[in-house]
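Everything in the sequence shown is counted per this note's numbering, starting at 18 for the first residue and increasing by one. Worksheet: the structure to be examined is printed underneath.
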Amino acid sequence: MIAIGSDHGGFELKEIIKKYLDENNISYHDYGTYSLDSVDFPDYAKKVCQGVLSKECDRGVLICGTGIGMSIAANKVNGIRCALCNSIMTARLSMEHNNANVIALGGRVLGKDYAIEILQTYLQTEFLGGKYNKRNELIKAIESDH
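Right, dumping it as structure tokens:
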């Protein structure tokens, strides 16, 4: 199951992504927001991250205007590895190398079709493990030190 959430700047792209998920029989939980009314993005980042950490959801997708704010907020949550993905390559490498359990997308900077391609890549890619396990453990050590 995919956890998905947005602020007002990412709401329209979130709705497009939900349609794609529905059409492809990919289950998801929509953590909001549910309209174009202005909201505070950290609230939705936290909800999605909690859904991933609780294992209710396998991965998360956050969407704001640029993806920057959501990725910053998500990465404050212990156990979350959120990657701002603005290309197919960043989506693939976020999983292969970093085992990102959440990605952030920019609703105001990505075309809808390209955003779907980025999402598809992220969802279809698996973590490579190997030497990347050590690097991810080093990231966890930094997290536990702070």
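Quick reminder that beta carbons are idealized off the backbone N, C-alpha and C, glycines included.
If you draw a straight line from the Cα of E154 to the Cα of E32, it comes to about 35 Å. Of the candidates N95, S111, L30, L30 places its Cα closest to the Cα of R125. With a minimum length of 3 residues, the unbroken runs of beta strand (DSSP E) contained wholly in the segment 72-125 fall at 76-81, 99-101, 119-123. For the 8 Å CB-CB criterion, C99 and A108 do not form a contact. If you look at S23, you'll find it in the beta strand (DSSP E) that goes 19-23. Per DSSP, reduced to three states, the secondary structure at D47 is strand. In the DSSP assignment, D162 falls within the unbroken alpha helix (DSSP H) covering 148-162.
If you draw a straight line from the Cα of L145 to the Cα of G77, it is about 19 Å long. Under the criterion of beta carbons closer than 8 Å, Y45 and I21 qualify as touching, at roughly 5 Å.
Of all alpha-carbon atoms in K129, C66, I159, the one lying nearest the alpha-carbon of A117 is that of C66. Only residues of its own chain outside the window of five on either side were considered, and among them S23, G27, L30, K31, L122, G124 have a CB closer than 6 Å to the CB of I80, listed in chain order. Assignment of E40 by DSSP, reduced to helix, strand and coil, places it in the helix class. Just so you know, the alpha carbons of N115 and D54 end up roughly 34 Å apart. DSSP places F144 outside both helix and strand once states are collapsed to three, so it counts as coil.
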